[in-house]
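K.L.:
Below is one structure. I have some questions about it.
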Amino acid sequence: MNHSEKKSKSQKRQTRLSKFISESNGDLNSDYYVSAQPIVKWAVGKRGLIKKYSPYFPKKFNKYFEPFFGGGAIFFHMVSLGKIAEAKISDINEELINVYEVVKTKVDDLIEELKSGKYVNDKDIFYDIRAEEPIDPVLRAARLIYLNRTCFNGLYRVSKQGKFNVPFGKYPKNVKIFDEENLRNVNQCLQNVELTSEDFEESVKDARKGDFVYFDPPYIPLTDTAYFTNYTSEGFGMKEQERLAKVFKELDERECLVMESNSSAPIIWELYDGFDIKTVHAKRFISSDPNGRGGVKETFIRNFRTNSED
Ligand SMILES: C[S@@+](CC[C@H](N)C(=O)[O-])C[C@H]1O[C@@H](n2cnc3c(N)ncnc32)[C@H](O)[C@@H]1O
11 MNHSEKKSKS
21 QKRQTRLSKF
31 ISESNGDLNS
41 DYYVSAQPIV
51 KWAVGKRGLI
61 KKYSPYFPKK
71 FNKYFEPFFG
81 GGAIFFHMVS
91 LGKIAEAKIS
101 DINEELINVY
111 EVVKTKVDDL
121 IEELKSGKYV
131 NDKDIFYDIR
141 AEEPIDPVLR
151 AARLIYLNRT
161 CFNGLYRVSK
171 QGKFNVPFGK
181 YPKNVKIFDE
191 ENLRNVNQCL
201 QNVELTSEDF
211 EESVKDARKG
221 DFVYFDPPYI
231 PLTDTAYFTN
241 YTSEGFGMKE
251 QERLAKVFKE
261 LDERECLVME
271 SNSSAPIIWE
281 LYDGFDIKTV
291 HAKRFISSDP
301 NGRGGVKETF
311 IRNFRTNSED
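Residue 11 is where the sequence shown starts when you use this note's numbering, and the numbers rise one by one after that.
Encoded structure:
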């Protein structure tokens with residue numbers, strides 16, 4: 011099949027998928043609505059963009075897949091709307107997935123540990139806890155939650171030896187390390203959820219027709235120089251972005267509903283030629299901005315449309 015035949019086949023499929031969503035009356039998939047918030051702050055978290063993204067999510071789908079989970083802002087939002095009955099969430103970061111696994115299966119033990127009096131926002135205590143290498147999953151989860159709340163900007167970065175190396179942050183002494191009620195709500199949200207720590211491609215292998223896959227990968231850098239010098243962010247360079255675009259197309263062929271967030275780097279329009287690409291204005295932290303906070307354009311790419319769009 012040549013390129014234009016492939017494109018027109020894909021466009022027919024996109025129309026069919028959009029019809030599938032539009033014919034739904036917006037009925038919710040599940041009987042329970044749990045209101046929960048992300049447990050960790052994560053780089054490029056989607057929390058601030060939820061309102062902008064909301065009208066563009068499908069109202070109806072089967073299983074939900076989120077393979078670059080991070081803090082999972084979109085997942086928690088969808089759960090609170092009662093839209094998720096079954097889900098698989100994953101991330102390549104094992105320490106992070108361990109947190110969700112522990113919240114799902116041992117929330118009481120985790121809360122007890124976090125309440126033990128050990129996890130205080132103090133510089134010396136921070137460096138002591140940072141140097142620890144616990145093996146027990148509950149202790150690992152408590153450590154990551156603590157470090158995430160007290161380290162510089164809530165970043166997650168490890169050395170070549172795999173040791174967490176973000177410095178102490180400058181938060182008020184009494185900064186909230188965890189919210190017990192929210193942890194219990196997250197525990198509820200995760201009960202029907204499959205959790206894995208794996209690469210995105212492996213994670214969506216089982217996605218089928220009518221399932222919804224939301225990708226929020228490390229973004230393509232905005233500057234050409236960064237792109238042409240093969241800049242990588244979180245080990246996710248152009249090769250990975252191309253592999254992701256290929257997986258996006260395979261999922262489209264399997265008639266899954268697919269949505270991805272990414273930067274507005276010009277290559278996006280090449281990689282996702284033939285799909286619906288929208289640009290949104292995001293307010294977020296950018297390190298090159300002297301004021302620390304600024305606006306940036308982001309894109310989201312889909313193989314479907316919803317009936318709430320013009
Ligand atoms: C942009 S963040 C996701 C932010 C998240 N959606 C949120 O709202 O907090 C990207 C995530 O992708 C993960 N990641 C990086 N490479 C990956 C890969 N090859 N497969 C799966 N996850 C990967 C990182 O560990 C990180 O948590």
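Each residue gets a CB set at the ideal place from its N, CA and C atoms; glycine is no exception.
Taking only beta-carbon atoms, is N12 less than 9 angstroms away from chain C?
P.N.:
Of the protein chains in this structure there is only one, and it is not chain C.
K.L.:
If you follow the beta strand (DSSP E) that Y63 is part of, which residue opens it and which one closes it?
P.N.:
No beta strand (DSSP E) holds Y63; the alpha helix (DSSP H) holding it covers I60 to Y63.
K.L.:
How would you write the range of the alpha helix (DSSP H) that A97 sits in, first residue to last?
P.N.:
Taken as a continuous stretch (DSSP letters only), A97 belongs to no alpha helix (DSSP H), being part of the beta strand (DSSP E) at A97 to S100.
K.L.:
Quick check on M269: does DSSP put it in helix, strand or coil?
P.N.:
M269: strand per DSSP, three-state reduction.
K.L.:
Could you round the C-beta distance between V214 and L261 to whole angstroms and report it? I think they count as a contact, below 8 angstroms.
P.N.:
V214 to L261, Cβ: 6 angstroms. Contact.
K.L.:
Out of curiosity, what's the CA-to-CA distance linking E250 and I230?
P.N.:
C-alpha separation (whole angstroms): 10 angstroms.
K.L.:
Between which two residues does the beta strand (DSSP E) harbouring L254 extend?
P.N.:
Counting along the chain, L254 falls outside any beta strand (DSSP E), though it belongs to the alpha helix (DSSP H) covering M248 to E263.
K.L.:
For A46, count neighbouring C-beta atoms within 10 Å of its own C-beta (all shown protein chains included) and say buried if the count is 16 or more, exposed if not.
P.N.:
Result: buried.
K.L.:
Quick one: what does DSSP say A275 is sitting in, helix, strand or coil?
P.N.:
Of the three classes helix, strand and coil, the one that applies to A275 here is coil, per DSSP.
K.L.:
Exposed or buried, which one is G82 when buried takes at least 16 other CB atoms within 10 Å?
P.N.:
Buried, by the Cβ-count rule.
K.L.:
Ligand 1 heavy atoms versus the CB of R57: any closer than 8 angstroms?
P.N.:
Checking the Cβ of R57 against ligand 1 gives yes.
K.L.:
Does DSSP put I145 in a helix, a strand or coil?
P.N.:
Reduced to three states, the DSSP call for I145 is coil.
K.L.:
Distance, Cα to Cα, E190 vs V196?
P.N.:
Spanning the two alpha carbons is a distance of roughly 10 angstroms.
K.L.:
Helix, strand or coil: which one does DSSP assign to L205?
P.N.:
L205: strand per DSSP, three-state reduction.
K.L.:
Taking only runs of the alpha helix (DSSP H) that begin and end inside the region 86 to 140, which ones reach a length of at least 4 residues, in chain order?
P.N.:
For the region 86 to 140, whole alpha helix (DSSP H) runs of length 4 or above, ordered along the chain, are 104 to 115 and 117 to 124.
K.L.:
Suppose the cutoff is 7 angstroms on Cβ atoms and the five residues either side in sequence are ignored; what does the same chain contact list for V117 look like?
P.N.:
The residues are L193, R194 and N197.
K.L.:
With C-beta atoms as the reference, is E211 less than 9 angstroms away from S20?
P.N.:
No, these two residues do not count as a Cβ contact at 9 angstroms.
K.L.:
For D37, which residues in the same chain have their Cβ closer than 6 angstroms to its Cβ, ignoring the five residues on either side in sequence?
P.N.:
Its pLDDT being 45, under 50, D37 is placed unreliably by the model, and nothing is read from it.
K.L.:
So the beta strand (DSSP E) V223 belongs to, where does it begin and stop?
P.N.:
First-last of the beta strand (DSSP E) with V223: F222 to F225.
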